[in-house]
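Novice: This is the structure, below, for whatever I ask next.
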Amino acid sequence: MRKKEDILCEITPSSKEKKKVKKVAEDIISKLKKEINNIQGIDEIEPRLVGSTARGTWISGDRDIDIFMMFPKDLDRDTFRSKGLELARRVGEYADSYREEFAEHPYVTARFDEFDVDIVPCYNISRPDEITSAVDRTPLHDNYITRKLNSRLKDSVRLLKYFMKGIGVYGAEFKIGGFSGYITELLTIYYDGFEEVIDSATSWRWGETIDVEEQETSKNFKDPLIVIDPVDPNRNVAAALTEEKWATFISASRYYSEYPIDRFFNPCNIKNLSPGQINKEMDRRETYFLIVEFDRPPVVDDTLYPQLYKTENWLKKELENNNFSILRSNVSTEVEKKASIIIEMEIGRLPLVKKHIGPPVESRRHSKKFVDKYLNKETFSGPYIEKSRWMVEKNRDYTSAHQLVKDKLSNSSQSGVGKDLSDNEYKVMKPDEIPIEKYRKTLSKHLRRTPPWMR
37 MRKKEDILCE ITPSSKEKKK VKKVAEDIIS KLKKEINNIQ GIDEIEPRLV GSTARGTWIS
97 GDRDIDIFMM FPKDLDRDTF RSKGLELARR VGEYADSYRE EFAEHPYVTA RFDEFDVDIV
157 PCYNISRPDE ITSAVDRTPL HDNYITRKLN SRLKDSVRLL KYFMKGIGVY GAEFKIGGFS
217 GYITELLTIY YDGFEEVIDS ATSWRWGETI DVEEQETSKN FKDPLIVIDP VDPNRNVAAA
277 LTEEKWATFI SASRYYSEYP IDRFFNPCNI KNLSPGQINK EMDRRETYFL IVEFDRPPVV
337 DDTLYPQLYK TENWLKKELE NNNFSILRSN VSTEVEKKAS IIIEMEIGRL PLVKKHIGPP
397 VESRRHSKKF VDKYLNKETF SGPYIEKSRW MVEKNRDYTS AHQLVKDKLS NSSQSGVGKD
457 LSDNEYKVMK PDEIPIEKYR KTLSKHLRRT PPWMR
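Numbering (the numbering used here), first residue to last: 37 to 491.
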């Protein structure tokens, strides 16, 4: 069995790896400086390596590099966007390939050799009140973390990141809703080491506050974990952390001393069930599965996932409003070029008759309105009195969950579908239409919910 020291040795970048990252970053920055001279009308654009590679907290094998182009803070927003994208494109032309992305403003993701490099424009600021977008803070974060971390704490950050990856809670993007790299650094600084973070997390309660610089602004937040940003005290760095990922980290921290260490320091990959095992498990559950499959729109995950969650919640609400009981649901982009919603219900078909509860008899006006509405209307039974309320047994609007979802999705005027999904082709698949092999990974995750580190 591996020891913690063995794991640290595995995840710490070698001298060769560090030199390679440094060379790639320096080459790109050199190209940026060259192209800056070709940008008309703007002086003092400063290219800078940022993020974990700049701070020395990245894990061996990671192939992501972030390079920011820091523009003068008094530059107007339209010029900032257009010139930022123009400069990023120029550097992208040197890469093996590149594509344009859009978050709060456009940027470029380029492939240089084995590295994925984000080339991002930001404003060159020195104070939090000058921030106009989230990325403007990043150089300030770099300055702060670099001052605070020594080599021992950098090792602790790497262990904490790898622990979080192993239990599936690392990554602040909407797809994951977990801990960002910056949070791992702040936790390590606050508690003074990896083991100390884990030990402290075992007793976290809702609203636990990490305030490294004692700025006392936690009362402004109502999140499960509050991590005050040292460079911007009115921001909770952990605002994107979901309740589920917060609770998972606490639980894994409690079990850390009970289970073999290897369980926590392996990337959180669930072994896929075979198609036969999936079919057997779905039959054994005796539930009803629906998969709504959209053609994936050409947007980044952080734009797509909120729309998938919105659509998922809307469909669940429509189903529950029509008495279909939801057992569990999730979203997935694991099938190539598709964005899917998986909904598991207790049953997929209901009887035609529905018992509808009316007003109490003592409410004269509402009782008369109810009786007048249903007395001359075709019903199964009623109106009648049960205990002290009017009742009627009437036709259900939908007896089929599959038909309900199809109808709701086809009615664009009432649709709760995310905007980038709404014009895309889609299909609604009931159990006998689901391609098990195609959705093998997604269904394996859905069916095997026990955390890997507990198995």
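Heads up, the beta-carbon is just placed ideally off N, CA and C, and yes, glycines get one too.
Identify the residues that DSSP records as bridge partners of methionine 465: which are they?
Specialist: BP columns for methionine 465 point to Ile327.
Novice: Once you ignore the five residues that flank leucine 176 on each side, which residues in its own chain have a CB closer than 6 Å to its CB?
Specialist: Closer than 6 Å at Cβ, skipping near neighbours: Val267.
Novice: Just how far apart, CA to CA, sit tryptophan 282 and phenylalanine 300?
Specialist: Roughly 16 Å separates the two Cα atoms.
Novice: Which ranges does the beta strand (DSSP E) cover as unbroken runs of at least 3 residues, wholly within the segment 104 to 157, from first to last along the chain?
Specialist: Whole beta strand (DSSP E) segments, 3+ residues: 133 to 138 and 142 to 148.
Novice: Three-state secondary structure (DSSP) at tryptophan 94?
Specialist: Note: tryptophan 94 maps to coil in three-state DSSP.
Novice: Classify asparagine 186 as helix, strand or coil using the three-state DSSP reduction.
Specialist: Of the three classes helix, strand and coil, the one that applies to asparagine 186 here is coil, per DSSP.
Novice: May I ask you to report which of helix, strand or coil DSSP gives alanine 274?
Specialist: Three-state result, alanine 274: coil.
Novice: Look at alanine 124 and valine 153 and say whether their C-beta atoms are less than 7 Å apart.
Specialist: No. Outside cutoff.
Novice: Could you confirm whether any beta carbon from chain B is found closer than 7 Å to the beta carbon of glutamate 122?
Specialist: No chain B appears in the structure shown, which is made up of a single protein chain.
Novice: Are the segment 40 to 47 and the segment 179 to 195 touching by the rule of at least three beta carbon pairs closer than 8 Å?
Specialist: Contact between the segment 40 to 47 and the segment 179 to 195 is present, because at least three Cβ pairs lie under 8 Å.
Novice: Terminal residues of the continuous beta strand (DSSP E) containing methionine 427?
Specialist: Here the beta strand (DSSP E) through methionine 427 covers 425 to 431.
Novice: Buried or exposed: tyrosine 479, going by 16 or more other Cβ atoms within 10 Å of its Cβ?
Specialist: The question names tyrosine, but residue 479 in the sequence shown is leucine. Per the 10 Å Cβ criterion, buried.
Novice: Can you tell me whether asparagine 160 is buried or exposed? The criterion is at least 16 other CB atoms within 10 Å of its CB, across all chains shown.
Specialist: So asparagine 160 ends up on the buried side.
Novice: Does DSSP put leucine 457 in a helix, in a strand, or in coil?
Specialist: Leucine 457 falls in the coil class under three-state DSSP.
Novice: Output the distance between the C-alpha atoms of phenylalanine 107 and glutamate 129, rounded to the nearest integer angstrom.
Specialist: When rounded, the distance between both Cα atoms is 21 Å.
Novice: Assuming alanine 61 and isoleucine 103 are in contact, meaning their beta carbons sit under 8 Å apart, how far apart are those beta carbons, in whole angstroms?
Specialist: 7 Å between Cβ atoms; contact.
Novice: Count the other C-beta atoms from every protein chain shown that fall within 10 angstroms of the C-beta of aspartate 100, then say buried if there are 16 or more, exposed otherwise.
Specialist: So aspartate 100 ends up on the exposed side.
Novice: Taking contact to mean at least 3 C-beta pairs separated by less than 8 Å, is the segment 62 to 69 in contact with the segment 78 to 93?
Specialist: With a cut-off of 8 Å, the segment 78 to 93 and the segment 62 to 69 count as touching, because enough Cβ pairs lie within range.
Novice: Need the endpoints of the beta strand (DSSP E) that alanine 375 sits in, please.
Specialist: 374 to 381 is the extent of the beta strand (DSSP E) around alanine 375.
Novice: To the nearest angstrom, how far is the alpha carbon of aspartate 247 from that of cysteine 158?
Specialist: Using only the alpha carbons, I get a separation of about 26 Å.
Novice: Short check: CB of valine 57 to CB of threonine 89, under 7 Å?
Specialist: Result yes, Cβ atoms of valine 57 and threonine 89 sit closer than 7 Å.
Novice: Could you check what DSSP says for lysine 390 in three-state terms: helix, strand or coil?
Specialist: Lysine 390 falls in the strand class under three-state DSSP.
Novice: According to DSSP, which residues form a beta bridge with asparagine 366?
Specialist: Beta-bridge pairing links asparagine 366 to Ile378.
Novice: Of all the beta strand (DSSP E) runs that stay within the bounds of the segment 278 to 357, which reach a length of 3 or more residues?
Specialist: If we require 3 residues or more, the beta strand (DSSP E) runs fully inside the segment 278 to 357 come out as 324 to 331.
Novice: For arginine 188, count the other beta carbons within 10 Å of its own beta carbon; 16 or more makes it buried, fewer makes it exposed. Which is it?
Specialist: That one is exposed.
Novice: The alpha helix (DSSP H) spanning glutamate 41 covers which residue range?
Specialist: Counting along the chain, the alpha helix (DSSP H) containing glutamate 41 begins and ends at 40 to 47.
Novice: Less than 7 Å between the beta carbons of valine 273 and aspartate 456, yes or no?
Specialist: No. Outside cutoff.
Novice: Starting from threonine 224 and walking both ways along the alpha helix (DSSP H), at which residues does that stretch end?
Specialist: Here the alpha helix (DSSP H) through threonine 224 covers 217 to 227.
Novice: Note down, one range per segment and in chain order, each beta strand (DSSP E) of at least 3 residues found wholly within the segment 51 to 88.
Specialist: Listed in chain order, the complete beta strand (DSSP E) runs (minimum 3 residues) inside the segment 51 to 88 are 82 to 86.
Novice: Per DSSP, what kind of secondary structure is isoleucine 470 in: helix, strand or coil?
Specialist: Residue state, collapsed to three classes: coil.
Novice: So does the segment 462 to 478 actually touch the segment 436 to 450, counting three or more Cβ pairs closer than 8 Å?
Specialist: Contact holds: three or more Cβ-Cβ distances are below 8 Å.
Novice: If you compare alpha carbons, which of Glu370, Asp408 and Phe151 is closest to arginine 476?
Specialist: Here the closest residue by C-alpha is Glu370.
Novice: Just the Cα atoms here: how many angstroms apart are isoleucine 212 and glycine 394?
Specialist: Taking the straight line joining both Cα atoms gives about 43 Å.
Novice: At a cut of 8 Å, does the segment 379 to 398 reach the segment 354 to 364 through at least three beta carbon pairs?
Specialist: The answer is yes - the segment 354 to 364 touches the segment 379 to 398, with three or more Cβ pairs under 8 Å.
Novice: Which residue wins for smallest C-alpha separation from lysine 353, given the options Asp259, Ser289, Ala276 and Ser451?
Specialist: When only C-alpha atoms are compared, the closest one is Ser451.
Novice: Report yes or no: do three or more beta-carbon pairs, one from the segment 322 to 336 and one from the segment 286 to 294, lie closer than 8 Å?
Specialist: No, the segment 322 to 336 does not touch the segment 286 to 294.
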